[in-house]
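Residue numbers (the working numbering): 1441 to 1755.
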């Protein structure tokens, strides 16, 4: 662990404005962020305890609402919960404090943890940004601020107003933004559409208009991302300092072949994968040597050629 700690310290010396990035914090990734392993919806104390001491987990994703603790039903504050729940045994402040304690304890011989906070309301976000010790956390480990700020596929309705979101996060320079579109999904009769050009343009324009300079990852649902290779690769080309985070819900009917094509087109160094284990195993991303690498290269090349000639045709 000594060499790893030295590597992390050296990497963190290079961080000035954007805070600790995932790439800084996990230097053994070797430019393959698909290896990051996630714990999803860590919204109570028991789950947090189990996750912190699970060496297989790198990033902890939790949902944040403005609600009350089970121990104090009168005081409203940011808590870890997913709507429609508005009570929890774990506040956001305690959640962050425990991650910080774990990551900075020299006696732990385990995997460091980063955090993705999925804010479900602007009240929860602004309350978090008002924490007096927020810089203590953002300087210590990666923190992503996530919100669904635009309507997305299958009649998804945004939970956080985009204008209010960008106004709020301007006060925090040393963090990363995870920007998403709200999505719907009919499990009995799914309407598999895509992130269309209007949706990606709306996102791109908002980033430009708000002069966003911190690292950005675009959070996309696998079932729709798999049908959106052209629009999503185009979005990432416009915003150089950006990545893709692919997430999925249990039961989503994902075109695995298309999703693999998207991942290889974007690159293993720019694609985070936060999906259920059964989908992750189908993607077979752990095998990146020999014949598999050759296949990946051909997929990326063919995808690039298709997009190139399509652009030539319509320009």
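Ideal Cβ placement from N, Cα and C applies to all residues, glycine included.
No experiment lies behind these values; they were computed from the predicted model shown.
| Among all the DSSP beta bridges, which residues are the ones paired with residue 1557? | For this step, residue 1557 is matched to residue 117 along the chain shown. According to the DSSP secondary-structure assignment, residue 1557 is paired through a beta bridge with 1502, 1585.
| Out of curiosity, what's the CA-to-CA distance linking residue 1669 and residue 1465? | Against the chain shown, residue 1669 aligns to sequence position 229. Against the chain shown, residue 1465 aligns to sequence position 25. Each residue's alpha carbon lies about 29 Å from the other.
| query | Where does residue 1579 sit, in a helix, a strand or coil, going by DSSP? | reply | Here residue 1579 is taken as the residue at index 139 of the chain shown, counted from 1. Three-state DSSP puts residue 1579 in coil, outside helix and strand.
| message | Quick check on residue 1479: buried or exposed, where buried means 16 or more other Cβ atoms within 10 Å of its Cβ? | response | What you label residue 1479 is simply residue 39 of the chain shown in a count that begins at 1. Looking at its Cβ environment, which holds 16 or more other Cβ atoms inside 10 Å, residue 1479 is buried.
| query | If we call anything under 8 Å between Cβ atoms a contact, is residue 1521 one with residue 1527? | reply | Position 81 of the chain shown, counted from the first residue, corresponds to residue 1521. Position 87 of the chain shown, counted from the first residue, corresponds to residue 1527. Yes; because the gap between Cβ atoms is below 8 Å, this pair is in contact.
| task | In the DSSP assignment, find the unbroken beta strand (DSSP E) run with residue 1696 in it and report its ends. | result | Mapped onto the chain shown, residue 1696 falls at position 256. Here residue 1696 belongs to no beta strand (DSSP E); instead the alpha helix (DSSP H) covers 1696-1706.
| query | Considering only the beta carbon of each residue, do residue 1659 and residue 1688 sit closer than 8 Å? | reply | Taking the first residue of the chain shown as 1, we reach residue 1659 at position 219. Taking the first residue of the chain shown as 1, we reach residue 1688 at position 248. Result no, Cβ atoms of residue 1659 and residue 1688 do not sit closer than 8 Å.
| message | Using the Cβ count rule (16 or more neighbours within 10 Å means buried), how would you classify residue 1587? | response | The residue labelled residue 1587 in the question sits at position 147 within the chain shown. Burial is judged here by how many other beta carbons sit within 10 angstroms of a residue's own beta carbon; residue 1587 has at least 16 and is buried.
| Is residue 1385 buried or exposed, if buried means 16 or more other CB atoms sit within 10 Å of its CB? | Because the chain is modelled from 1441 through 1755, residue 1385 falls outside the range shown and cannot be assessed.
| message | Alpha carbons only, please: which of 1614, 1585, 1718, 1665 is nearest the one belonging to residue 1503? | response | Within the chain shown, residue 1503 is the residue found at index 63, counting from 1. When each option's Cα is compared against that of residue 1503, the closest is 1585.
| Which ranges does the beta strand (DSSP E) cover as unbroken runs of at least 3 residues, wholly within the stretch 1503-1530, from first to last along the chain? | List check, beta strand (DSSP E) in window: 1512-1520.
| query | Is it right to say residue 1541 is buried, meaning 16 or more other beta carbons lie within 10 angstroms of its own, or is it exposed? | reply | To locate residue 1541, count along the chain shown from 1; it is residue 101. Exposed, by the Cβ-count rule.
| query | Smallest Cα separation from residue 1474: which of 1497, 1486, 1490, 1482? | reply | Looking up residue 1474 in the chain shown gives position 34. Ranked by Cα distance from residue 1474, the first of 1497, 1486, 1490, 1482 is 1497.
| Per the contact definition of three or more C-beta pairs closer than 8 Å, is the stretch 1604-1619 in contact with the stretch 1628-1641? | With a cut-off of 8 Å, the stretch 1604-1619 and the stretch 1628-1641 do not count as touching, because too few Cβ pairs lie within range.
| query | How big is the Cα-Cα spacing for residue 1461 and residue 1514? | reply | Locating residue 1461 in the chain shown gives position 21, counting from the first residue. Locating residue 1514 in the chain shown gives position 74, counting from the first residue. When rounded, the distance between both Cα atoms is 36 Å.
| task | Please classify residue 1466: does DSSP put it in a helix, a strand, or coil? | result | Walking along the chain shown from the start, residue 1466 turns up at place 26. Of the three classes helix, strand and coil, the one that applies to residue 1466 here is coil, per DSSP.
| query | Apart from the five residues just before and just after residue 1702, which ones in its own chain have a Cβ nearer than 7 Å to its Cβ? | reply | Taking the first residue of the chain shown as position 1, residue 1702 is located at position 262. Shown here for residue 1702: same chain residues with a beta carbon closer than 7 Å to its own, the five before and five after excluded, namely 1665, 1666, 1669, 1672 in chain order.
| query | Hey, residue 1488 and residue 1535: beta-carbon distance below 8 Å or not? | reply | Sequence index remark: in the chain shown, residue 1488 carries index 48 (1-based). Sequence index remark: in the chain shown, residue 1535 carries index 95 (1-based). Yes, these two residues count as a Cβ contact at 8 Å.
| request: Can you have a look at residue 1501 and say buried or exposed, based on whether 16 or more other CB atoms are within 10 angstroms of its CB? | output: Locating residue 1501 in the chain shown gives position 61, where the first residue counts as 1. Residue 1501 sits buried, since 16 or more C-beta atoms from the chains shown fall within 10 Å of its C-beta.
| task | Would you mind sorting residue 1483 into buried or exposed? The rule is 16 or more other CB atoms within 10 Å of its CB. | result | Along the chain shown, one-based indexing puts residue 1483 at 43. With 16 or more other Cβ atoms within 10 Å, it is buried.
| task | Grab me the residues of residue 1408's own chain with a C-beta within less than 7 Å of its C-beta, minus the 5 sequence neighbours each way, in chain order. | result | With the chain running from 1441 to 1755 in the structure shown, residue 1408 is simply not present.
| message | Taking the beta carbon of residue 1597 as the centre, do at least 16 other beta carbons fall within 10 Å, making it buried, or is it exposed? | response | The sequence position of residue 1597 within the chain shown is 157, counting from 1. Taking a 10 Å sphere around the C-beta of residue 1597, we find fewer than 16 other C-beta atoms and assign the residue as exposed.
| Whether residue 1510 touches residue 1529 by CB criterion (8 Å) | Mapped onto the chain shown, residue 1510 falls at position 70. Mapped onto the chain shown, residue 1529 falls at position 89. Contact: yes.
| said: I need the DSSP call for residue 1729, collapsed to helix, strand or coil. | reply: For the purposes of this step, residue 1729 is taken as the residue at position 289 of the chain shown. With a pLDDT of only 48 at residue 1729, under 50, the local geometry of the prediction cannot be trusted, and no value is derived from it.
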